[in-house]
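Here is the structure we will look at.
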Amino acid sequence: MTLIAIRLYFKLTVFAFSISACVTELILNFKNDNQFDNFVLNHGLLSQTYSDSLVSCARKCIKDKSCIAFHFNQGKLQCRGYETLMLTSNAGTHEEGWQYYYITIFGVCPSTYAFSRAFNYCLGYEGLSLNAEGVAKCQRHGGNYLLIRGADENRFASLLAYNFRSLTSRHHRQLMIQGNYDDVDEKWKDNSGITLLFSQFVDDKYTPKGVKHKLYLEQTDSPENFLMLSRRGIVHPAITLCTI
Numbered sequence: 001m002t003l004i005a006i007r008l009y010f011k012l013t014v015f016a017f018s019i020s021a022c023v024t025e026l027i028l029n030f031k032n033d034n035q036f037d038n039f040v041l042n043h044g045l046l047s048q049t050y051s052d053s054l055v056s057c058a059r060k061c062i063k064d065k066s067c068i069a070f071h072f073n074q075g076k077l078q079c080r081g082y083e084t085l086m087l088t089s090n091a092g093t094h095e096e097g098w099q100y101y102y103i104t105i106f107g108v109c110p111s112t113y114a115f116s117r118a119f120n121y122c123l124g125y126e127g128l129s130l131n132a133e134g135v136a137k138c139q140r141h142g143g144n145y146l147l148i149r150g151a152d153e154n155r156f157a158s159l160l161a162y163n164f165r166s167l168t169s170r171h172h173r174q175l176m177i178q179g180n181y182d183d184v185d186e187k188w189k190d191n192s193g194i195t196l197l198f199s200q201f202v203d204d205k206y207t208p209k210g211v212k213h214k215l216y217l218e219q220t221d222s223p224e225n226f227l228m229l230s231r232r233g234i235v236h237p238a239i240t241l242c243t244i
């Protein structure tokens, strides 16, 4: 074999290995949710760029820590990266040719759960539920309601809840989150009994009356900044998102 042939063989081998590694990366890090194929999500868009392949689109998402999902269109060679998940087709516009993928960790996250690299947890939508039912759904996977620990996480939770903005019932647009009011200490606490580090109420002077108040996010005019309120007794189903 000549030196030129050896060099060519080496380059082809490296190229083949690189392609194989890219495909492996796609398989290990992303999952296709085909119920949202042929749609484009209408909020939470990080970028829309040219991409010549599905693998290339996935790699672009991987490079941005805030990217948790993407849509790819082979016909248009377009890649759309998102900082939020698509949880219902009502949150998108129907358009043929798009494939939807979200980041996950196989063997760690449950099969329908995404993985947030920004907040380091698995995250899954469990439908609209009453509080007791929602808690049970989360506990079945060893998880809890989403805990908001700062403004960035409140923004993340708001974008997730914004998926349901078109629902008629106000209660169905509310996202249950961790937060129980301690009537003795007069403080909001998470499920571990630790005082919440972050709160942002509709009324800054808001203090619930009575016990067993549960916290939720209330939709506002901004998809990125929902505010907190509480209910005493959950008698209407609300958005159930679980984190692990």
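Note that the sequence shown covers residues 1 to 244 in full-length UniProt numbering.
The beta carbon of each residue, even a glycine, is placed where N, CA and C say it ideally should be.
Which two residues bound the contiguous beta strand (DSSP E) that contains residue i?
i: residue 242; result: 238-243
i: residue 184; result: Where residue 184 is concerned, there is no enclosing beta strand (DSSP E), given that its DSSP letter is neither H nor E.
i: residue 39; result: 39-41
i: residue 30; result: 30-32
i: residue 53; result: Residue 53 -> no beta strand (DSSP E), and no H or E assigned at all.
Who are the Cβ neighbours of residue i in its own chain at under 6 Å, not counting the five residues just before and after it?
i: residue 120; result: none
i: residue 72; result: 54, 57, 79 and 99
Excluding the 5 residues preceding and the 5 following residue i in the sequence, name in chain order all residues of the same chain whose CB lies nearer than 8 Å to its CB.
i: residue 202; result: 218, 227, 228 and 229
i: residue 42; result: 91, 92 and 93
i: residue 110; result: 122, 124, 141 and 244
Name the DSSP bridge partner or partners of residue i?
i: residue 202; result: DSSP output for residue 202 lists no bridge partner at all.
i: residue 176; result: 216
i: residue 122; result: 115
i: residue 47; result: 81
i: residue 197; result: DSSP, once it has assigned bridges, lists no residue as partnering residue 197.
i: residue 144; result: 243
i: residue 166; result: Note: residue 166 sits in no beta bridge, so no partner.
i: residue 230; result: 215
i: residue 60; result: Beta-bridge pairing links residue 60 to no other residue.
Starting from residue i, trace the alpha helix (DSSP H) in both directions and tell me its first and last residue.
i: residue 139; result: 131-140
i: residue 155; result: 151-161
i: residue 65; result: Neither: residue 65 is in no alpha helix (DSSP H) and is coded neither H nor E.
Residues in the same chain with beta-carbon distance under 7 Å from residue i, minus the five sequence neighbours each way, listed in chain order, please.
i: residue 164; result: 88, 172, 173 and 239
i: residue 19; result: Note that residue 19 scores 43 on pLDDT, short of 50, meaning its location in the model is unreliable and no value can be drawn from it.
i: residue 116; result: 68 and 123
Worksheet item: Can at least three beta-carbon pairs, one atom from the region 97-108 and one from the region 177-190, be found at a separation below 8 Å?
Response: no
Discussion item. Extract the residue ranges of the beta strand (DSSP E) inside the region 67-116, only unbroken runs of 3 or more that lie entirely within it.
Written reply: 69-73, 78-82, 92-94, 98-103 and 114-116
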